[in-house]
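In full-length UniProt numbering, the protein residues as written are 1 to 313.
From the three backbone atoms N, C-alpha and C, an ideal C-beta is built for every residue, glycine too.
These figures come from a predicted structure and were not determined experimentally.
Shown next, in structure tokens, is the structure this report addresses.
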């Protein structure tokens, strides 16, 4: 994305939708490599990547074409394939940092590198991808600048979530913390929806990113599985091919923005968490977290993190 300008016209939109679909399909193959399950009696294997970021998406010229490019997930240095009983429950002390795209579970007690970890990081990548497609390098730089805020270590960073102190109802209450997607990220999605070239296709892609991928795990809300997301992206890719109006700009106006802000005000997005030892040490050292005064949901616990990767029945 850094080295090129976004494509224009309908052909460019079709290419863009096919690349989102292709990357989602690649991740689904990693998560559930069906080609390894063909033989009876073979222990079912599942995978995770663990390091999805812009640097690990390579761009190649498509075979048999002169200038069409294809995007490919690379760098499997942190990936793993495991059986049903062993896959991906790694203590969060060993969770790779994935700067910028790191999910909240990196700082939560019991957090693991899981397939859900990959869904968050791909959601971050896709949001950057849509940003680049609509506004090029300048838009990417603006988004990165706008989401730079102080983190629990006191340093300013551009990750997509934040941790706050939960407002105490009584002075003697023990300190409680919440994690939530940065308001700056949510606001940026609204900015993208107002872009003149934001089509029904891109609105739907943003829906999936916001409602199915960039989710702080709670007892009430989980990230979608790669198989479900692949079905969704395949459907919108088909609609891009068959419906010309689906790829034409249809930006949100004041009415849509007002309705969205009203829904946002009613939604509960903050999730109560127990920070891991590393995060708690940073909080104690700096101890000036912003305060969240709204409603919150309960986080999943260590046992539920371990259960995340059990096979779907």
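For residue 116, the enclosing alpha helix (DSSP H) has its first and last residue at 115-146. In the three-state reduction of the DSSP assignment, residue 194 falls in the coil class. Taking a 10 Å sphere around the C-beta of residue 162, we find 16 or more other C-beta atoms and assign the residue as buried. Counting only residues of its own chain and dropping the five nearest sequence neighbours on each side, residue 302 has a CB closer than 8 Å to the CB of 109, 110. DSSP places residue 247 in the helix class (H, G or I) of the three-state scheme.
In the DSSP assignment, residue 236 falls within the unbroken alpha helix (DSSP H) covering 226-242. Residue 164: member of the beta strand (DSSP E) spanning 161-166, first to last residue. Annotation for residue 177: the continuous beta strand (DSSP E) segment containing it runs 177-181. Exclusion of the five residues before and after residue 26 leaves 72, 73 as the residues of its chain whose Cβ lies within less than 8 Å of its Cβ.
In the structure shown, residue 275 falls within a strand segment according to DSSP collapsed to helix, strand and coil.
Per DSSP, the beta-bridge partners of residue 60 are 70. Its Cα nearest to that of residue 280, the residue 107 stands out among 107, 19, 147.
Counting C-beta atoms within 10 angstroms of its own C-beta, residue 181 has 16 or more neighbours from the protein chains shown and is therefore classed as buried.
Spatial neighbours of residue 282 in its own chain (CB-CB distance under 7 Å, excluding positions within 5 residues in sequence) are listed in chain order as 152, 153.
In this structure, residue 270 lies near residue 292, with their beta-carbon atoms less than 8 Å apart. Per DSSP, the continuous alpha helix (DSSP H) segment holding residue 257 begins and ends at 254-266.
Under the three-state reduction of DSSP output, residue 5 falls in the coil class, being neither helix nor strand.
By alpha-carbon distance to residue 251, the top candidate from 275, 199, 261 is 199. Comparing alpha carbon positions, the residue from 245, 19, 253, 55 closest to residue 130 is 19. Taking every protein chain shown into account, the CB of residue 275 has 16 or more other CB atoms within 10 angstroms, so this residue is buried.
Bridge partners of residue 219 according to DSSP: none are assigned. CA-to-CA, the gap between residue 29 and residue 193 works out to about 31 Å. In the DSSP annotation of this structure, residue 151 is not part of any alpha helix (DSSP H), being labelled neither H nor E. About 7 Å separates the Cβ atoms of residue 115 and residue 226, confirming a contact at the 8 Å cut-off.
For residue 53, the three-state secondary structure derived from DSSP is coil. Distance from the CA of residue 11 to the CA of residue 254, rounded to the nearest whole angstrom, comes to 30 Å. Taking 8 Å as the cut-off, the Cβ atoms of residue 249 and residue 196 count as close.
Here residue 236 is not near residue 125, since their CB atoms are 8 Å or more apart.
With the rule of 3 Cβ pairs closer than 8 Å, the stretch 138-150 counts as touching the stretch 184-191.
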